[in-house]
Structures are given as C-alpha cells and as structure tokens.
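Chains as they are written, first to last, in our numbering: chain A, 86 to 386; chain B, 86 to 386. Glycine included, each C-beta is placed from N, C-alpha and C at the ideal position. As the structure is a computational prediction, the values presented were derived from the model and not from experiment.
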C-alpha cells in the first residue's frame, strides 16, 4: 500500500481518517495533530516554563520529545515510586530519554523522601488511589516550589475516553466536571495540561517507533486487572465498529461538560497545617497518607 | 444446586443478587420485582384503563400476562406493521397470548390503514426510524381516541441501559432528559410506562418459560446489525465483570437525569393540520411520512 501523499510505501494505515501514510508523512501528521491540540485548547504559550511529568512509558516520552522539538522551554520530572523491580528500570529509561532530547531531568525518590515505596505503605486506601494522590501532589508542589508555569502529562485519548466512560458508567458526575485537556491553575495549584489529548495510543506507539524513542513496555505490577483497562478494550471495540467513536465521544463530552459543573462539591479550601498546600480538611490527603510532620522539600538544589 | 429458600432443585441462578432459585421462588421473585417497579415509580393506579402495546415477543407477552395476573384492567393492541414473512407470524402469537390471558386484543393493520407495509415506503428516513415514529403515533392515538389512561410497553433494563449508553456515547443529551420508566401524559399525549424497567432480558426469558408463555423469537428482519444490539453485548460484558453494573448504571442515570433537563428543545407544540395531534411543525411527522390527507381513524368499532 502506498502513502496517500507520496510514492513511498505506507508505514501505518490510520483508522480515522482511513488513510495510509509513509513514515515521514505520518510524523508530520502526528506532530500537526499535537500542535493543533496545543492551539485549540490554548494549553500554554511559548514563554511559559514547562514541567513534563515523565514515567519511562511511551506517552510521556513522546510528549517531552515533541515539545522539545517544538522548541518549548521544558524540564522533566521523574517520580521514582519505589516499586521494586519496576521503578528503577523506568528510571534508567527516563535518563536515556532525557539525554536523547538534551533536557534537564529532576528525580524525586519516594523511598528516600517518605521512607517507603508505593505498595509498602500500611493504609486502608487502595494502592493505585494513594499512588495517584502522591504523584499529583509531588508534581504540583515541585512545579509550584520551582516556579514552573505548567505541568504537562502524557494522557492520550484512550486514557481520557476510558476515564469519561468509567465515570459516566458510575455517574460520578463531580469528576466529569473537571475533566479535560486543561485544568487551569489557581492559587498553589499549577496549571495541568495534556498535549496528547487527541491522539490515540496506537498513534503514539507508531510515532515513538518512527522517531526512535525507546520506552518501558511493562505495566506497573499494581495496575494488573484495573477496570480502566477493560474500559479501554470496550472503547476500542466500539471504535472498530464505528471508526471515530473515540474522538466524537471525547469532543462531544467537552461540549456538554458544563452540564456537570453544578456537581462539583464546593468545600472551603484551607491551607494544610503541615505543608501549607491547598487542602479540603486541616491536613491535606498527601500529608495524612504519609503521616508527615513537616512539608517535603522539593526545591531544586 | 438447591434453591436458596427451599429444598427444591434450582431453576435459575441469578447473577445479581447471586442466588439460585427454584421455579416457584423465581416466579415469586420476578413478580415482586415488577410490582415494586410499579410502586416505586408510581406507574399507574388500580382503576386506570391500561393499553398494552404487544408485539408477539417475550417482553410484551410477559408484561401483559403479569398485569392481568395482578388484576389490572388491561387491553392489548397489536400493530401489524406489514413486514412480509414476519408481521403475520407475530400476529398469530399475539392472538394465542391474549387468548391465554383472556384479554381483549385490538389489531391495527398498517398495510390496510396506510397502503403499504414498513420497509416498502419510499422515504429518505431509515426504516427503523419511521417504524418507531409510526408505532409511537398509532399506540398513542389509539389510546387517546379510545380513552385509555396509560400505554404500557415491554421495555426491559437491557433496552434501557443500551438506550442510555448509546445516547451518552453520542452525547444526545436531549434524548436523555426524557428517558425513564414513566413519561407523564400531557394534552393528547397519553402517559407511557415500562413495568419491566428493572428486570433483565435473561429474567424475562426465564419467567416466560416458567409460566408457559410462548412467543416469537425471530427478530424483525430490518433490525439486523442494529448498533443497539452491540451496545447490549457490551453492557452484558460489563455486567459479567461487575454484576450489578446494569441496574447501577440505569438507577444512577435516573438520579442525575435532571442535569439534562435544560437540553430539551422547547419548541411550540402545534396541532397537526391533518390529524389534530400534537406536532412541532404544521403537519406531524407521522402524517408527513405517510403523506396523509386526513386523520387515521383508530376508534374501536
């Protein structure tokens, strides 16, 4: 099969739109799509200081690579979660990825900072739940303490569609209201954005391979059997039946998201007594989970 | 496996709650569930005149059987859609079903009334779309012209979950606002209710077999490949992973349905120039589709 735009052999056949593209035209297509996402949703400006939360996986590797290529002012943050047999391997990949794009890399090691790794903490909360809280807290505080304007994550359309899908299935409408490609900053909350919001996992894998990005393919051992993986399978089934379902579902959601705005529980936002960061109660959930007596220090030395 | 409540062999093992029941205890369970739906959603009162729209299939056969058993004042309406090789077969079943429960049956034959059968009409609209319009119009006008208080349909939770699912997937929020076990009557719109709203297809099949109801198992030839059938499969996959998903999804929806109320397009309701029934435009979609010059006469002779 030939590329739609030149005489070369096709490297990939896209599902939606249904076109075959050679390697070069696919790279161009993919990068244009990401650039348009940045523009369409006004994610950030040229002069903003960007912190990319990087994990070793394909998504964050691709987003950091592409932002660097677009000449944005980026630095990367890797949070080593201390998951034995997994986190250190990811760290090695992250180092190679940042070296490849010649970008500063900051590493926060949970075990050193907090005394134990994810999965080893005694708590009643599920592992993925307090891991999520920990990652969100650290990336936000790191960005805030070191004057970044925005935190970038590698979430793609498969992640977003499955998140929306799960929250609709359970009618967790309060989560839907805040979901989207950009979460504006407010007070000590630094702005969070998702430049890969409209590209699929399949396209990301193909792009990484096309430009020579190496990444960890193992999943975190704690993620096994996660219901979100089933949601992704289901959405991919629907996409096969009707190509374009995924993007229509996500964009359709964004158009109707305002319907859920009244569902956000608006409690008073306090300053956490321990760390001074925003909190619903007296002590924020991060400081509570890790039973902290003083704020973690994340300033770049 | 023994019944949970007696020493008899189990007739069915329910998925949610996960209990085995003998034939008698299953019949009791199923009927209690339907009775509770009628009470919970206040579908109708003892003295209301009920018209059951009956098709020959399992759902409407079961709902008419059970309402008769509960001593409601019911009559049945069969709309023969004139689908060759299908509708006449359904009519035979309907006659047997109504004879079994000793209930008056009215038959409206589309071919005689309107000149051609469903699927033979020259129109730009998809067959299932104008068939739906036709069935809704006829059952409503029949009920209105003959002083019924309520129209009962056999929709079950699989139908409802897949309808909600499809409309969420496409964010057809205006359809979601009106979806539910009861659509109140207003003006010439007679109240519509769904007593099987909380029972599954599987339970209905088991109940029909338990009480000896015979029904058509063929699907309408025009329904083949309908996307709603895929939605049902997907919801059943989710139900297998997490039993109870279906009922939680539908009940969760009902709790949040008010969020979609503002989405209903509130046009002026006129009287159709041809038939006098409610219409968005000058002529209602039924009279337009069938190109009518005068109202169809549906009064019982």
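In the structure shown, the three-state DSSP call for residue 186(A) is coil.
Against chain B, the beta carbon of residue 337(A) has neighbours under 7 Å at 255 and 256, listed in chain order. A direct Cα-Cα distance of roughly 39 Å separates residue 206(B) from residue 336(B). Nearest C-alpha to residue 112(B) among 127(B), 190(B) and 291(B): 291(B). Each of 384(B), 142(B) and 173(B) was checked against the Cα of residue 293(B), and the nearest Cα belongs to 142(B). Closer than 8 Å at the C-beta level to chain B, one finds these residues of the stretch 304 to 337 of chain A: 312, 315, 319, 322, 323, 326, 327, 330, 333, 334 and 337. Taking every protein chain shown into account, the CB of residue 91(A) has fewer than 16 other CB atoms within 10 angstroms, so this residue is exposed. Within the DSSP bridge table, the entry for residue 160(A) names 136(A) as partners. With a 10 Å radius around the Cβ and a threshold of 16 neighbouring Cβ atoms, residue 159(B) comes out buried.
In the three-state scheme derived from DSSP, where H, G and I count as helix and E and B as strand, residue 225(A) is classed as helix.
Scanning its chain for C-beta atoms nearer than 6 Å, with the 5 sequence neighbours on each side dropped, one finds around residue 104(B) the residues 89, in chain order. Three or more beta-carbon pairs separated by less than 8 Å are not found between the stretch 114 to 127 of chain B and the stretch 301 to 309 of chain B, which leaves the two stretches without contact. Interface criterion met: the Cβ of residue 340(A) is under 8 Å from a Cβ in chain B. Just measuring C-alpha positions, the residue of 296(B), 106(B) and 125(B) sitting nearest residue 279(B) is 125(B). Against chain B, the CB of residue 248(A) has no partner CB under 8 Å away; the residue lies outside that interface.
Where residue 290(B) is concerned, the enclosing alpha helix (DSSP H) starts and stops at 286 to 296.
Counting only the Cα atoms, residue 345(B) lies some 46 Å from residue 182(A).
Residue 273(A) is not a Cβ neighbour of residue 189(A), given a cutoff of 8 Å. Between residue 192(A) and residue 176(A) the beta-carbon gap is near 7 Å, inside 8 Å, which marks them as a contact. In the three-state DSSP reduction, residue 113(B) falls in the helix class (H, G or I). Think of a sphere of 9 Å around the beta carbon of residue 344(A): the chain B residues whose beta carbon falls inside it are 258, 344, 345, 347 and 348, in chain order.
Nearest in C-alpha terms to residue 170(B), of all of 229(B), 202(B) and 147(B), is 202(B).
Inter-residue distance for residue 134(A) and residue 108(A) is about 31 Å (C-alpha atoms, whole angstroms). In this structure, DSSP gives residue 105(B) an extended state, which the three-state scheme calls strand. For residue 277(B), the enclosing beta strand (DSSP E) stretches over residues 276 to 278.
Taking all protein chains shown into account, residue 172(B) has 16 or more neighbouring C-beta atoms within 10 Å of its C-beta and is therefore buried. Separation of residue 341(B) and residue 162(A) (C-alpha to C-alpha, rounded to the nearest whole angstrom) is 39 Å.
Beta-carbon to beta-carbon, residue 374(A) and residue 210(A) are separated by about 7 Å, close enough to satisfy the 8 Å threshold.
Straight-line measurement puts the Cα of residue 132(A) at about 13 Å from the Cα of residue 232(A).
Measuring C-alpha to C-alpha distances from residue 324(B) to each of 365(A), 328(A), 316(A) and 295(A) identifies 316(A) as the nearest. By the beta-carbon neighbour count (other beta carbons within 10 angstroms, threshold 16), residue 127(B) is exposed. Out of 239(B), 366(B) and 123(B), the CA that lies nearest to the CA of residue 139(B) is found in 239(B). Taking the CA atoms as reference points, residue 154(B) sits about 36 Å from residue 212(B). In the displayed model, residue 355(B) falls within a strand according to three-state DSSP. Cβ-Cβ distances below 6 Å link residue 261(B) to 252 and 345 in the same chain, with the five nearest sequence neighbours on each side left out; the list follows chain order.
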